[in-house]
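S.K.: One structure, pasted below without further comment.
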Amino acid sequence: MKLSGWMKALGLLVFVFMLGPVAIIVWISFFDQAYLSFPAEGYSLRWYAGLVDQTELFRGLLYSAEIAVITTIISLFLGVSAAIALSRSRLRGRTLFENVFLLPLVIPAIITGMALYIYLYQLSGIVQGGLVPSTWSLIAAHVIITLPWTFRLTYAGAVSIGTDVERASLDLGRGSLATLMRVTLPLLRPSLIGSGIFAFIFSFGDLEISLFLVSPGQTTLPVAMVQYAEFNVDPTLAAVATVQIVLIGLLLLIANKFIRFGEAFSGGLKQ
Amino acid sequence: MAELLIEHVAKSYGEKLVLEDAYIKVPHGEFVSLLGPSGCGKTTTLNIVAGFVAPDSGSIRLGGDDITRRPPYGRDTAIVFQNYALFPHMRVTDNVAYGLRARRVAKDAIAKRVEETLRIMGIHDLADRFPSQLSGGQQQRVAVARAVAVRPSALLMDEPLSNLDAKLRAEIRIELRELQHRLDQTILFVTHDQEEALSMSDRIVLMNRGRIEQIGSPDELFQRPKTVFAAGFMGVENIVDGAFDGRTWASENGTQTMPGTAASAGAVGIRPSELELVERDPNFVSDEYASVQATVTGRTYLGDNVRYELAARGDSLVAVVPYSKADKDIGDEVDARVLAKCLIPLEPSVAQ
Chain A
2 MKLSGWMKAL GLLVFVFMLG PVAIIVWISF FDQAYLSFPA EGYSLRWYAG
52 LVDQTELFRG LLYSAEIAVI TTIISLFLGV SAAIALSRSR LRGRTLFENV
102 FLLPLVIPAI ITGMALYIYL YQLSGIVQGG LVPSTWSLIA AHVIITLPWT
152 FRLTYAGAVS IGTDVERASL DLGRGSLATL MRVTLPLLRP SLIGSGIFAF
202 IFSFGDLEIS LFLVSPGQTT LPVAMVQYAE FNVDPTLAAV ATVQIVLIGL
252 LLLIANKFIR FGEAFSGGLK Q
Chain B
28 MAELLIEHVA KSYGEKLVLE DAYIKVPHGE FVSLLGPSGC GKTTTLNIVA
78 GFVAPDSGSI RLGGDDITRR PPYGRDTAIV FQNYALFPHM RVTDNVAYGL
128 RARRVAKDAI AKRVEETLRI MGIHDLADRF PSQLSGGQQQ RVAVARAVAV
178 RPSALLMDEP LSNLDAKLRA EIRIELRELQ HRLDQTILFV THDQEEALSM
228 SDRIVLMNRG RIEQIGSPDE LFQRPKTVFA AGFMGVENIV DGAFDGRTWA
278 SENGTQTMPG TAASAGAVGI RPSELELVER DPNFVSDEYA SVQATVTGRT
328 YLGDNVRYEL AARGDSLVAV VPYSKADKDI GDEVDARVLA KCLIPLEPSV
378 AQ
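Read top to bottom, the protein sequences are chains A and B. Using the working numbering, read the first sequence as starting at 2 and increasing by one per residue. Using the working numbering, read the second sequence as starting at 28 and increasing by one per residue.
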């Protein structure tokens, strides 16, 4: 397709608009002064060096990573099971089920977080020790918001590999479980890796839902960052953000090797 | 001895009857084709034999055992799929070894059998390739190799040649036939291509709308189709309605004397190539020929042949004449003659 001049300009504008803030954050993280102001009065790596002493942020990072790993495993298990089952069933109302899995994308995360908090709080009367705040309620919430990704990306993959290879395996004498392990899952590997990385990124970066569900003294990195920003205005957060941007950028590059995001939501898969 | 017996099998999806009381016998070592247009029930039959579809009634016997209730992995059958369905993440060797490993055959026996099978199929130099690195014809051979490697009691083939070009198809037909004789393999073959069925099968089961129209050798089916559907499917383009008592053919459009042919109550079939077009002769009488007066209404050049459309007392007929004899033109008044022994008496189709 040939793009006219003004369309190219518009595209460039969108690009600048999206990447501008990221670039500025990275830039600020190298400023020397202890308050946010332009222009730079000098450049240094002191905010990066200072991260070592930020125990709250560092503990947040570890906690976030822990939550994200467990969330990814559970979300993959549920999402992949549902994707394989639904893509192979003739269930009436299959489309409805498919869309239910996408629902968390439609509801603002902050609403989901609040709703979950109220819901779990009401249930807490029944369960000894209470449900909120707790690490498991946080993980449950993260599973909910990452399911659309693990489900939909795997679903696209499951549809594209078709059922004939599975039938061939059954026909040649392998049972259902052996067929799943030897044929279906190995063929879904690109989707599994791609959607796993996505689940990790969304769990790791989530603020809205976690705000309601973290325990005092044990918070995720994004929540710790918000708390830090309440009392400090130095470029520490810019340094943390830059580290995050690099990490997530790397993960996305890996994910992109396995899944074409443009096609993942219309059913295609990189082969 | 592995005889495959499909006994009175029926299947319907809701209101839609896809297979009605099918009885098909595939004796050991025979090549039997299920032939018919799409939706005739041939693929459903294959899926029932393989165990992917449960029949509503009837039973499947293989080598004497009733396997109707067994899952696909509990049946000694192997399918060659239309799209081959090779495992894309496995090399050719592993694809071919797959069924043997599932059957827990000893390692060195597997290696030997795989090697042997690849050699028979002429693809031993492709052993280390992945399916995506193979041409369509090569993939097809791997698919056959994967299925025959387990020496199934019955080999099931679901239109396995339909994705190949014409030249390759002709080649593989011959190869498959040789392979079948060599392994003494019982084969149930599904196809919609009458030429394919005619050239490969020991027997053909012609199906239409879930019913079996006719079972017979390729020669029987081609030369003596029994029903209107069978005749149409076998290229008998002229099917004229009317009662036929062996001498006289009474149609709505008059009575025509037809010497020396068996009686039929339904219709008469005439192959376009059997019709001759000659000068109108009002006094023509013959014991050998049936003759009808006709007007040429269309003429299409086909290279070696010319195809004529004719109007004969309200019936429309088609004649295919060698180019050297095609001297008639549109508007000509002719006699369309056919040897009486070439008239095919037809019964109404089984499926209505």
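No residue lacks a Cβ here, since even glycine has one placed at the ideal position from N, Cα and C. As the structure is a prediction and not an experimental result, all values here were calculated from the model.
1. May I have the straight-line CA-CA distance separating Leu139 (chain A) from Ile119 (chain A), to the nearest angstrom?
2. Establish whether the CB of Arg130 (chain B) and some CB of chain A are separated by less than 8 Å.
3. Quick check: what's the CA-CA separation for Gln250 (chain B) versus Gly174 (chain A)?
4. CA-CA distance, Thr151 (chain A) and Leu32 (chain B)?
5. Is Pro82 (chain B) helix, strand or coil by DSSP?
6. Is Gly259 (chain B) helix, strand or coil by DSSP?
7. With which residues is Gly325 (chain B) paired in a DSSP beta bridge?
8. For Thr221 (chain A), which three-state DSSP category applies?
9. Could you tell me how far apart the beta carbons of Ile239 (chain B) and Ala49 (chain B) are, in whole angstroms, since I believe they sit closer than 8 Å?
10. Where Gln320 (chain B) and Glu223 (chain B) are concerned, what is the direct C-alpha to C-alpha distance, given to the nearest angstrom?
11. Is any beta-carbon of chain A found at less than 8 Å from that of Ala258 (chain B)?
12. Considering just the uninterrupted stretch of the beta strand (DSSP E) at Met227 (chain B), what are its terminal residues?
13. Taking only beta-carbon positions, decide if Leu92 (chain A) is within less than 8 Å of chain B.
14. Using CA atoms only, rank isn't needed, just tell me which of A:Gly206, A:Ile68, A:Ser5 and A:Asn233 is closest to Gly250 (chain A).
15. At a Cβ threshold of 8 Å, is Tyr40 (chain B) touching chain A?
16. If you follow the alpha helix (DSSP H) that Lys258 (chain A) is part of, which residue opens it and which one closes it?
17. Bridge partners of Val53 (chain B), per DSSP?
18. Cα separation between Thr155 (chain A) and Ser76 (chain A)?
19. To which residues of the same chain is Glu57 (chain B) closer than 6 Å at the C-beta, ignoring the five residues directly before and after it?
20. Please report the residue range of the alpha helix (DSSP H) in which Pro187 (chain A) lies.
21. Taking just the CA atoms, how far does Phe114 (chain B) sit from Ile137 (chain B)?
22. Going by Cα to Cα distance, which pick from B:Gly330, B:Ala172, B:Lys355 and B:Glu34 is closest to Ala105 (chain B)?
23. Take Trp303 (chain B) and list the residues in its own chain whose beta-carbon comes closer than 6 Å to its own, dropping the five residues that flank it on each side.
24. Any beta carbon of chain A sitting closer than 8 Å to that of Thr104 (chain B)?
25. Can you name the residues of chain B whose CB is closer than 8 Å to the CB of Val247 (chain A)?
26. Step through the CB atoms of chain B and report whether any lies within less than 8 Å of the CB of Val15 (chain A).
27. Can you give me the C-alpha to C-alpha distance between Ser216 (chain A) and Leu148 (chain A), rounded to a whole angstrom?
28. May I ask you to list, following chain order, the residues of the stretch 179 to 194 of chain A that have a beta carbon less than 9 Å from some beta carbon of chain B?
29. Within the same chain, show all residues whose beta-carbon is closer than 6 Å to that of Ser170 (chain A), passing over the 5 residues directly before and after it, in chain order.
30. Is it buried or exposed, Ser60 (chain B), if we count other Cβ atoms within 10 angstroms and call 16 or more buried?
31. Using CA atoms only, rank isn't needed, just tell me which of B:Cys67, B:Leu62 and B:Asp92 is closest to Glu30 (chain B).
32. Is the shortest distance between the beta-carbon of Gly158 (chain A) and the beta-carbons of chain D less than 8 Å?
33. Compute the Euclidean distance between the alpha carbons of Glu279 (chain B) and Gly262 (chain B), then round it to the nearest angstrom.
34. If you reduce the DSSP assignment to three classes, tell me which class Ile147 (chain B) lands in.
35. So, does the CB of Phe79 (chain B) fall closer than 8 Å to a CB anywhere in chain A?
36. Should Asp342 (chain B) go down as buried or exposed, given a rule of 16 or more other Cβ atoms within 10 Å for buried?
M.R.: In brief:
1. 13 Å
2. yes
3. 41 Å
4. So the alpha carbons of these two residues sit roughly 46 Å apart.
5. Reduced to three states, the DSSP call for Pro82 (chain B) is coil.
6. helix
7. Partner(s): B:Glu336.
8. coil
9. Sure, about 6 Å apart at Cβ, within 8 Å.
10. 37 Å
11. No, its Cβ sits nowhere closer than 8 Å to a Cβ of chain A.
12. In the DSSP annotation of this structure, Met227 (chain B) is not part of any beta strand (DSSP E); the continuous alpha helix (DSSP H) holding it starts and ends at Gln221 to Met227.
13. no
14. A:Gly206
15. Not flagged as an interface residue toward chain A: Tyr40 (chain B), since no C-beta distance is shorter than 8 Å.
16. Thr237 to Phe259
17. B:Leu31
18. Straight through space, the alpha carbons of Ser76 (chain A) and Thr155 (chain A) are spaced by roughly 12 Å.
19. Asp229
20. Leu186 to Gly206
21. Looking at the two C-alpha atoms, the distance is approximately 18 Å.
22. B:Ala172
23. Looking at the sequence provided, one finds Glu at residue 303 (chain B) rather than Trp. These residues qualify, in order along the chain: Arg364.
24. yes
25. Within chain B, no C-beta atom comes less than 8 Å from the C-beta of Val247 (chain A); the nearest is roughly 33 Å away.
26. Not a single CB atom of chain B sits nearer than 8 Å to the CB of Val15 (chain A).
27. 23 Å
28. Correct list: Ala179, Thr180, Arg183, Val184, Pro187, Leu188 and Arg190.
29. Thr180 and Val184
30. buried
31. B:Asp92
32. Among the protein chains of the structure shown, namely A and B, there is no chain D.
33. Reliability of the predicted coordinates at Glu279 (chain B) is poor, the pLDDT of 48 falling under 50, and no value is obtained from them.
34. When DSSP states are grouped into helix, strand and coil, Ile147 (chain B) belongs to the helix group.
35. yes
36. The residue in question, Asp342 (chain B), is buried, as its Cβ has 16 or more Cβ neighbours within 10 Å.
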